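Residues in the sequence shown are numbered from 1 upward in steps of one, following full-length UniProt numbering.
Reviewing the structure listed below.
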Amino acid sequence: MPQKINFKLLSAFISVAEHASFRKAAEQNFVSLPAISMQIKQLEEQVGVALFQRTTRRVELTAEGEQLLISTRKAMAELDSGLSLIQQAANAQHGTLALACVPTVAGTRLPALLTEYARKYPGIAVRVRELSHHDLLEAVRRREVDFGISPVEDKRPELEFQPIFDDEYCALLPRGYRDNGRKTISLRELTRLRLLTLAPNSLFRGHLEAALQANGIEADLSYEFTHVSTLIAMVEAGLGAGILPRIAIPRNTALKTVRIARPALQRTIAVVTIRGHRLSPPAARLVDMLQQGL
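In structure tokens form, the structure reads like this:
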């Protein structure tokens, strides 16, 4: 089995070969002439052949030395290329990034964020997966994505949640409902209307059901929808009142939007990672932007 060659010995070998001089190589490497000579001797002993022909006037490579020089230069070039790629990745100049995001955030705040990210880091390829809360946490746990953007869930000790903002729940009132200009509505009063909600696999739906049970309120939740846009269209058609996180409500909607009070409902949106896992440089840059203000 070939011996492991010390990088320092190979560096000294290249220097002597390029300068055709032990003295110039010693000066180039800031070492003494005996030191550079000893390094070459050690290398020759390790490879088992003479690498240089020494005369009183000149130092020339042997045939074996020529072959080693070619191989060493190729290896050094590969090493330099690899180090350059690593440095570019560390500076987030090139690389890939995969993230998962719940749809209510992906369709509202993420576009502006990724547009700014693309401007700052044009060499990064980004893949976004829009997943429900449960599927997102599983994708993070299985390391299918670098991180996720999702509501906080306390029952996942293997995951770490870094809060980035709070998102209150609001009611979308159908046209014709007499709200008397109010800015809030109680959950009990809201249940007197037909409620339109997101499907049960969303964490939002779990929060709503827990609040209803804790306050002894019965509600008909028989109208469920998968997509926010569909739910809003149903409210616009007059089917009932919708309940959504505020971030999911379009800013240009003509529907009356009021905050739910008594009890106030909200969720905390966070960056989700595996506990103790260190993010890649491209992912860390995007998380920094998230924490500075999504």
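Quick reminder that beta carbons are idealized off the backbone N, C-alpha and C, glycines included.
From a predicted model like this one, the values you see are computed outputs, not experimental measurements.
Cβ neighbours of residue i in the same chain (closer than 6 Å, five flanking residues each side left out)
| i | result |
| --- | --- |
| Ser222 | none |
| Thr96 | Ala125 |
| Ser150 | Val102, His133, Leu136 and Val272 |
| Arg127 | Ala98 |
| Ile185 | Ala171 and Val258 |
| Gln28 | Ser15 |
| Gln39 | Leu9 and Ala12 |
| Lys74 | none |
Rounded Cβ spacing between residue i and residue j (contact assumed at less than 8 Å)
| i | j | result |
| --- | --- | --- |
| Ala241 | Leu198 | At roughly 14 Å, the Cβ-Cβ gap does not stay under 8 Å, so Ala241 and Leu198 are not in contact. |
| Arg267 | Pro245 | 6 Å |
| Ile36 | Val16 | 7 Å |
| Ile269 | Phe165 | 5 Å |
| Gly148 | Ala98 | Contact flag wrong, Cβ pair sits at about 10 Å. |
| Glu158 | Ile274 | 7 Å |
| Ala254 | Val228 | With 8 Å as the limit, Ala254 and Val228 do not qualify as a contact, their Cβ atoms being about 16 Å apart. |
| Phe52 | Leu61 | 6 Å |
| Leu265 | Glu168 | 7 Å |
Neighbourhood of residue i by C-beta distance below 8 Å, restricted to the same chain and skipping five residues each side
| i | result |
| --- | --- |
| Arg182 | Val258 |
| Thr72 | Leu10, Phe13 and Ile14 |
| Met234 | Leu196, Tyr223, Phe225, Gly240 and Gly242 |
| Glu218 | Thr191 and Leu212 |
| Leu68 | Phe13, Val47 and Leu51 |
| Tyr117 | Ile124, Val126, Arg285, Leu286 and Met289 |
| Ala214 | Pro263 |
Option in the options with minimal Cα separation from residue i
| i | options | result |
| --- | --- | --- |
| Arg129 | Lys8, Ala254, Ala106 and Ala214 | Ala106 |
| Arg285 | Phe165, Pro122 and Tyr169 | Pro122 |
| Ile260 | Ile232, Ala211 and Arg175 | Ala211 |
| Asp288 | Leu113, Phe30, Lys41 and Leu208 | Leu113 |
| Ser280 | Arg54, Met38, Val145 and Asp80 | Val145 |
| residue 360 | Ala20, Arg178 and Leu173 | What is shown of the chain runs 1 to 294, which leaves residue 360 out entirely. |
| Leu231 | Leu61, Ile217, Met76 and Pro250 | Pro250 |
| Ala171 | Gln28, Leu79, Arg127 and Arg262 | Arg262 |
| Leu239 | Thr226, Leu196 and Leu265 | Leu196 |
| Glu64 | Gly216, Glu224 and Ala50 | Ala50 |
| Pro163 | His19, Gly293 and Thr108 | Gly293 |
| Arg156 | Asp167, Val140 and Glu168 | Val140 |
| Thr55 | Val31, Phe30, Ala20 and Leu69 | Ala20 |
| Leu131 | Gly176, Arg188, Leu203 and Tyr117 | Leu203 |
| Phe161 | Lys120, Gln291, Arg57 and Tyr177 | Gln291 |
| Lys41 | Gln28, Lys8 and Ile70 | Lys8 |
| Arg178 | Lys256, Ile70 and Gln39 | Lys256 |
| Asn252 | Arg142, Phe30 and Thr108 | Thr108 |
| Arg278 | Leu110, Asn29, Arg143 and Pro200 | Arg143 |
| Leu187 | Asn180, His207 and Lys120 | His207 |
| Ile70 | Thr115, Asp220, Glu18 and Asn180 | Glu18 |
Cβ neighbours of residue i in the same chain (closer than 7 Å, five flanking residues each side left out)
| i | result |
| --- | --- |
| Gly276 | none |
| Leu33 | Phe22, Arg23 and Ala26 |
| Met1 | At Met1 the pLDDT is 37, less than 50, meaning the model places this residue with poor confidence and gives no usable figure here. |
| Phe175 | Reading off the sequence shown, one finds Arg at residue 175, where the question assumed Phe. If we look at Arg175 and ignore the five residues flanking it on each side, its Cβ neighbours are Gly238. |
| Met76 | none |
| Arg205 | Thr197, Leu198 and Ala199 |
| Glu236 | Leu255 |
| Thr104 | Val228, Pro245, Ile247 and Ala248 |
| Asn180 | none |
Taking only runs that begin and end inside the region 127-177, name each unbroken alpha helix (DSSP H) of 4 or more residues, in chain order. 133-141, all fully within the region 127-177.
Which whole runs of the alpha helix (DSSP H) in the region 169-252 are 4 residues long or more, in chain order? Fully enclosed alpha helix (DSSP H) runs of 4 or longer: 187-190, 203-214 and 228-236.
4 or more residues per run - each alpha helix (DSSP H) lying fully within the UniProt domain "HTH lysR-type" (5-62): Entirely contained in the UniProt domain "HTH lysR-type" (5-62), the alpha helix (DSSP H) runs reaching 4 residues are, in chain order, 7-19, 22-28 and 33-47.
Tell me the start and end of each unbroken beta strand (DSSP E) in the region 97-132 that is at least 3 residues and wholly inside, in chain order. Within the region 97-132, the complete beta strand (DSSP E) runs of at least 3 residues are 124-130.
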